[in-house]
Structures are given as structure tokens and as C-alpha cells.
Amino acid sequence: MNRIIFIDKNNRVPIYEQIKDQIMGLIQAGQIKTGDQLPTIRELSVELSVNVNTVALAYRDLTNQGAIVTERGRGSFVAGDADEEKMHTLRTKKLQALIDSLISETDRLGFSREEVGQALVEQNKRRNTKHA
Numbered sequence: 077m078n079r080i081i082f083i084d085k086n087n088r089v090p091i092y093e094q095i096k097d098q099i100m101g102l103i104q105a106g107q108i109k110t111g112d113q114l115p116t117i118r119e120l121s122v123e124l125s126v127n128v129n130t131v132a133l134a135y136r137d138l139t140n141q142g143a144i145v146t147e148r149g150r151g152s153f154v155a156g157d158a159d160e161e162k163m164h165t166l167r168t169k170k171l172q173a174l175i176d177s178l179i180s181e182t183d184r185l186g187f188s189r190e191e192v193g194q195a196l197v198e199q200n201k202r203r204n205t206k207h208a
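Here you go:
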């Protein structure tokens, strides 16, 4: 994967979840495909400078979600049943979690729902202009 995954140690999201979410994002975006081999747990832990158990936990969660399979002695691979419907469901759950987090944080900061909605629209316009 040669440094496609980036860890933000200042982020409140646990590191294993950052790893898991980014691998899932790569699968969903088609950047890694069914049958592609992932780095070994040890390789990825060295590459990211994180504890091997952190990567192992991310891989275990991905295995439990059906996104990857691990073959003893061979490594971990993107699962063949990482189908579109399953990926869509997982992406939708992630989106809902992100929105819940955003709402909680903006509530804490005292923003109204209207202010948050307008800020999202404006930010989306800026991003579209920047990437056009």
C-alpha cells in the first residue's frame, strides 16, 4: 500500500479505527480490489510507526466485517464477498457516525442546525471550485 494510509495521532478517533476506516475507504474506492494482498500486520505497523496490536485490531475488525480474509502463512487479502451492497451499508453507517459526531461537536460549540447546514453548503462549494 506504500503510504496510502496516514495516521493523525492528534485525532480523537482511535488509531486502529483510522487504519480500518482508511483500508475500507480504499476498498470502496476500488484502489484495492478483491484478492489484493494487504501488507502484513508487522509491515504496516512498522510503516505507520504504531504498535503491532493496533494494526492487528484493525485487521480483526475488517475480517469480522467481511472486508478482508486472512490466510495463515499467506497474509490478508481483500475478501471476494466485499460486494457493493455490503460496502454501501458500511459506508452509510460510517457517514451516519460522522454526522452524529459533527452534530455533537457543533452543539457543544453552540451552532444552530441552520448554521451547520449553511457551513456545509459553503464548504462544499469551495471544495467544488477548488477541484474544478
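When we follow my numbering, the leftmost residue of the sequence shown carries the number 77, and every step to the right adds one.
The C-beta atom is built at its ideal place from N, Cα and C for all residues, glycine as well.
These numbers come from a predicted model, not from an experiment.
Using 7 Å as the threshold, is the C-beta distance between residue i and residue j below it?
{"i": "alanine 155", "j": "methionine 100", "result": "no"}
{"i": "isoleucine 80", "j": "leucine 124", "result": "no"}
{"i": "tyrosine 92", "j": "threonine 116", "result": "no"}
{"i": "threonine 182", "j": "valine 192", "result": "yes"}
{"i": "isoleucine 95", "j": "alanine 132", "result": "no"}
My output table needs one value for residue i: the three-state DSSP class, helix, strand or coil.
{"i": "serine 152", "result": "strand"}
{"i": "threonine 110", "result": "coil"}
{"i": "threonine 165", "result": "helix"}
{"i": "valine 126", "result": "coil"}
{"i": "valine 192", "result": "helix"}
{"i": "isoleucine 91", "result": "helix"}
Is it buried or exposed for residue i, if we count other Cβ within 10 angstroms and need 16 for buried?
{"i": "aspartate 97", "result": "buried"}
{"i": "serine 121", "result": "buried"}
From the DSSP output, read off the bridge partner residues of residue i.
{"i": "isoleucine 144", "result": "Val154"}
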